[in-house]
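Note that the sequence shown covers residues 36 to 494 in the working numbering. Below: one structure, written as structure tokens.
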Amino acid sequence: MLPAELNVKAESRIAANAAGRLLTSATPARASELTSFHCRYDPGRQSAIPRRRVLYLAHRLPAPPDKGDRIRTYHVLTYLAARHDVWLACFDDEPPSRKGAAALAELRRLCAGLAVVRWAPARAMVRAAAGLMRGCSLSVSAYDSPALRAAVAAWSLDRPFDAAISFSGCMAPYALAALARRRVLDLCDADSAKWRDYARGSRGPWRLLASYEANRLGRDELAWSATADATIVITAREREALRGEASHTAIDRISIIGNGVDVPIDTSPPAASLGPVVAFVGAMDYPPNAGGVTWFLDQVWPLVRHEQPNARLLVVGRRPPRLLRRRHGRAGLTVTGAVPDVGHYLRQARCGIAPLRIARGLPNKVLEMLAWRRPVVVTRAVAACLTGTAASGMRVADEPALFARHVLAMLQDDALCERTAAAGQRHVLARYAWGPRLAAFERLALGAGSHRADFADPV
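Printed below as a string of structure tokens:
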């Protein structure tokens, strides 16, 4: 056995033994939160690039890449794990399933270490309430886990990480507390701005609570950015939202690295060759998605059906609310729930919609529909997230009548539909490759280059 292999195996045993001591010293309630703990090295992996020790922290399992945040975390994690030794610490907020077991198996293969903590809504609410009493952020408190802290501490007992990277604001405290030479925060979205949007659209106690969280998170985000070695957001709009009372120096240290788009592996039929089918794709347990679809069904869809009685609407996404499920089968509406292959439905759709009234970050599903050569009608809130990107493949409207006219134009005008779809697809496939974005993320995270690296979405 080579000396390097001896060292690697000894280091793995040290980490595992330390983890056992720390985790068994926790109270039984805390220890029970940890649903998976795995630590390994693969000394057979060789690379011309020096492999670094990287800690990656996420607020949910990064696999499979079936929703907005997982699309980003999955691509970042798989890219880093192919080039470095990555320890992943994350939460799992879904009930046990075959898909979840497959995701865990994939993550074990990818990562040198894996710690997964069960995120239970009841426990999270208790912790959020306790955080509120202390004047802390509700979201950060909801993801406070002694078990996860113990796992991270165990991994760094032998030597510090080269980089600790957190995804989303609620995981930032873990990265900042980690023993690491470099601490990097991928905030992705300015969550404080999202909570301000919620407050503006709410009333009564919920408005007060949302305002509190917006203010508390806003202060936290600026403090985190001032402390971290690097901070990343997904669009220029998110960086502007973080300005608040920050100094220009603090804002100038925030980098922009947007998402890429996966190229469809098969060819779909031209949009203009399809029937009058409209599609919305997105997680339906996300309130802005559910609210946007409800607005479209109430205000826009009757106008579309009046002019195009055979029009059909596909709402594709997991966990649709009960009120929406009750409308399934009426007025041409199909509510699918979770599906194994979104592409199956995009192949049927002539155009897509994104009728969200509140939108932050980057609307991945809009870019995916454009990549599938489907024109998309969006609200101004969604268009603002794209800052002009792929505008040739979209139509924008907030008023129900105008929104309906845009949808009808795509359903009834073959030449316009195909021209719009083709332009959007060309733009997205030419400018949204994952490779350059992930390379920029790696350079920034590991400190190989400038202190700031903007790789924003092209306009």
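Idealized CB from N, CA, C, for every residue including glycine.
Report the partner residues of residue i according to the DSSP bridge assignment.
{"i": "Ile291", "result": "Val268"}
{"i": "Cys223", "result": "Val268"}
{"i": "Asp127", "result": "Arg153"}
{"i": "Gly495", "result": "Lying before the first or after the last residue shown, residue 495 is absent from the chain, which here runs from 36 to 494."}
Once the 5 residues before and after residue i are set aside, which same chain residues still bring their CB inside 6 Å of it?
{"i": "Val175", "result": "Cys205"}
{"i": "Leu145", "result": "Ala116"}
{"i": "Lys102", "result": "Ala318"}
{"i": "Glu248", "result": "Leu173, Trp230"}
{"i": "Arg56", "result": "Annotation note: pLDDT 48 at Arg56 (below 50); position unreliable, coordinate value reported separately. Correct list: empty, nothing qualifies."}
Considering only the alpha carbon of each residue, which of the options lies closest to residue i?
{"i": "Arg357", "options": "Pro322, Leu381, Val374, Ala306", "result": "Pro322"}
{"i": "Val89", "options": "Gly239, Arg217, Met160, Leu443", "result": "Arg217"}
{"i": "Ala475", "options": "Leu142, Arg105, His110, Ala155", "result": "His110"}
{"i": "Gln215", "options": "Ser191, Asp221, Asp232", "result": "Residue 215 is actually Ala in this sequence, not Gln. When only C-alpha atoms are compared, the closest one is Ser191."}
{"i": "Ala276", "options": "Leu252, Met168, Asp297, Ala265", "result": "Leu252"}
{"i": "Val298", "options": "Arg353, Tyr467, Leu451, Thr113", "result": "Tyr467"}
{"i": "Arg478", "options": "Ala457, Ala265, Ser227", "result": "Ala265"}
{"i": "Ser227", "options": "Trp122, His379, Gly236, Arg395", "result": "Arg395"}
{"i": "Pro181", "options": "Pro208, Leu167, Val431", "result": "Pro208"}
{"i": "Arg184", "options": "Gln383, Ala213, Ala136", "result": "Ala213"}
{"i": "Lys400", "options": "Val296, Arg382, Arg118", "result": "Val296"}
{"i": "Tyr91", "options": "Arg242, Ala199, Ala384", "result": "Ala199"}
{"i": "Cys171", "options": "Trp122, Trp336, Arg254", "result": "Arg254"}
{"i": "Arg86", "options": "Asp197, Val350, Ala137, Ser260", "result": "Asp197"}
{"i": "Ser260", "options": "Trp241, Leu243, Ile289, Arg105", "result": "Ile289"}
{"i": "Leu437", "options": "Leu338, Arg194, Ala480", "result": "Leu338"}
{"i": "Ala258", "options": "Cys223, Pro131, Val374, Arg278", "result": "Arg278"}
{"i": "Pro100", "options": "Arg118, Trp122, Leu142", "result": "Leu142"}
{"i": "Ala483", "options": "Asp193, Val219, Thr270, Ile300", "result": "Val219"}
Return yes when the Cβ of residue j is within less than 8 Å of the Cβ of residue i, no when it is not.
{"i": "Ile388", "j": "Val411", "result": "yes"}
{"i": "Arg95", "j": "Asp120", "result": "no"}
{"i": "Pro324", "j": "Leu397", "result": "One point to set straight first is that residue 324 is Asn, not Pro, in the sequence displayed. No."}
{"i": "Met404", "j": "Val316", "result": "yes"}
{"i": "Glu256", "j": "Ala210", "result": "no"}
{"i": "Leu391", "j": "Thr414", "result": "yes"}
{"i": "Asp221", "j": "Phe202", "result": "yes"}
{"i": "Ser308", "j": "Trp407", "result": "no"}
{"i": "Asp320", "j": "Arg353", "result": "yes"}
{"i": "Glu453", "j": "Ala263", "result": "no"}
{"i": "Leu464", "j": "Tyr114", "result": "no"}
{"i": "Ile291", "j": "Val313", "result": "no"}
{"i": "Ala458", "j": "Ser427", "result": "yes"}
{"i": "Val152", "j": "Phe126", "result": "yes"}
Skipping 5 residues on each side, what residues in its chain have a beta carbon closer than 7 Å to that of residue i?
{"i": "Gly367", "result": "Arg340, Ala346, Arg347, Leu348"}
{"i": "Arg440", "result": "none"}
{"i": "Ala246", "result": "One point to set straight first is that residue 246 is Ser, not Ala, in the sequence displayed. Excluding positions up to five away in sequence, the list reads Ala234."}
{"i": "Thr108", "result": "Ala93, Pro97, Phe202"}
{"i": "Arg360", "result": "Val370"}
{"i": "Ser237", "result": "Ala245"}
{"i": "Asp433", "result": "Thr414, Arg415"}
{"i": "Trp330", "result": "Pro390, Arg392"}
{"i": "Tyr409", "result": "The residue you asked about is not Tyr; residue 409 is Arg in the sequence shown. Contacts found: Ala306, Leu381, Ala384, Cys386, Gly387, Ala456."}
{"i": "Thr62", "result": "In this predicted model, Thr62 has a pLDDT of only 45, less than 50, meaning its place in the structure is not dependable; the value taken from the coordinates is given anyway. Closer than 7 Å at Cβ, skipping near neighbours: no residue."}
{"i": "Gly239", "result": "none"}
{"i": "Gln334", "result": "Pro435"}
Please list, in chain order, all residues of the same chain as residue i whose beta carbon is under 8 Å from its beta carbon, the five residues on each side excluded.
{"i": "Gln343", "result": "Pro311, Leu443, Leu446, Gln447"}
{"i": "Ala163", "result": "Leu173, Ser174, Ser176, Ala177"}
{"i": "Ala165", "result": "Ser176"}
{"i": "Asn250", "result": "Ser227"}
The alpha helix (DSSP H) spanning residue i covers which residue range?
{"i": "Gly170", "result": "Counting along the chain, Gly170 falls outside any alpha helix (DSSP H), and DSSP gives it neither H nor E."}
{"i": "Trp190", "result": "181-190"}
{"i": "Tyr114", "result": "103-118"}
{"i": "Phe315", "result": "Careful: Phe315 lies outside any alpha helix (DSSP H), inside the beta strand (DSSP E) at 312-316."}
{"i": "Val339", "result": "336-342"}
{"i": "Met404", "result": "399-406"}
{"i": "Leu452", "result": "Reading off the sequence, residue 452 comes out as Cys, not Leu. It spans 449-466 - the alpha helix (DSSP H) in which Cys452 sits, taken as one unbroken run."}
{"i": "Arg143", "result": "133-145"}
Over the uninterrupted beta strand (DSSP E) stretch that includes residue i, give me the two end residues.
{"i": "Asn246", "result": "Reading off the sequence, residue 246 comes out as Ser, not Asn. No beta strand (DSSP E) contains Ser246, which is instead part of the alpha helix (DSSP H) from 239-262."}
{"i": "Thr369", "result": "368-372"}
{"i": "Leu90", "result": "88-93"}
{"i": "Leu473", "result": "Per DSSP, Leu473 belongs to no beta strand (DSSP E); it is in the alpha helix (DSSP H), 469-481."}
{"i": "Val350", "result": "347-351"}
{"i": "Val417", "result": "Premise fails: Val417 lies in the alpha helix (DSSP H), 415-421, not in any beta strand (DSSP E)."}
{"i": "Gly387", "result": "386-389"}
{"i": "Arg430", "result": "429-431"}
Would you say residue i touches the ligand SAM, meaning its beta carbon is less than 7 Å from a heavy atom?
{"i": "Glu256", "result": "With respect to small molecules bound, the structure shown includes none, and the ligand SAM cannot be examined in it."}
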